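Trainee: UniProt numbering puts the first residue of the sequence shown at 1, with every later residue one more than the last. Built from N, CA and C at the ideal position, the CB exists for glycine as well. Quick caveat: nothing in here was measured; it's all calculated off a predicted structure. Take a look at this one; I'll ask things after.
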Amino acid sequence: MRSLYKISLSGRMKLKKEEKELIGHWRVDGMLMKLDDVSQRIKELTESHLLKIATDESGWKVLYKDQEDGRFWELVYSESQMHGGGAPTLVHLSEAEAKESYMVVS
């Protein structure tokens with residue numbers, strides 16, 4: 001299977017131009033629920049590659065900007081029935097969508 005991401009020299013996984021959405025999932029490991037590799041990648045991206053721009057009023061959605069290509073990304077937790085909102089999802093937003101949802105000016 002072809003890799004959906006590239007790894008920089010520093011080991012961080014960067015977003016490719018063709019990527020539009022990263023959907024994380026929980027996986028069962030014995031008696032524990034753990035985040036999958038996509039969720040871990042989202043965590044790495046939001047902690048060390050993407051720039052946090054804004055948070056919505058609820059605190060559950062966060063807007064980020066890729067410092068390399070200027071694209072906007074929204075971090076959401078779409079499984080509200082699960083503790084902590086479930087696994088993370090990172091979704092590409094157009095500049096217009098980012099402005100409308102977060103009132104940001106690029």
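For threonine 46, collect the residues of the same chain with a Cβ closer than 7 Å to its Cβ; drop the 5 residues on either side in sequence, then sort them by chain order.
Mentor: Tyr64 and Leu75
Trainee: Using DSSP with H/G/I as helix, E/B as strand and the rest coil, what is glutamate 18?
Mentor: DSSP places glutamate 18 in coil when its eight states are reduced to three.
Trainee: Residues in the same chain with beta-carbon distance under 6 Å from serine 39, minus the five sequence neighbours each way, listed in chain order, please.
Mentor: Gly24, Ala87 and Pro88
Trainee: Taking just the CA atoms, how far does leucine 15 sit from glutamate 44?
Mentor: 11 Å
Trainee: Please state if the CB of isoleucine 53 and the CB of valine 91 are separated by a distance shorter than 8 Å.
Mentor: no
Trainee: If we ignore side chains and look at the alpha-carbon of each, how far apart do residue 132 and serine 78 end up?
Mentor: Because the chain is modelled from 1 through 106, residue 132 falls outside the range shown and cannot be assessed.
Trainee: Identify whether tyrosine 77 lies in helix, strand or coil by the three-state DSSP scheme.
Mentor: In the structure shown, the three-state DSSP call for tyrosine 77 is coil.
Trainee: Cα separation between alanine 96 and tyrosine 102?
Mentor: 10 Å
Trainee: Tell me whether arginine 71 sits in a helix, a strand or coil according to DSSP, three-state version.
Mentor: In the three-state scheme derived from DSSP, where H, G and I count as helix and E and B as strand, arginine 71 is classed as coil.
Trainee: Helix, strand or coil for aspartate 29? Go by DSSP, reduced to three states.
Mentor: strand
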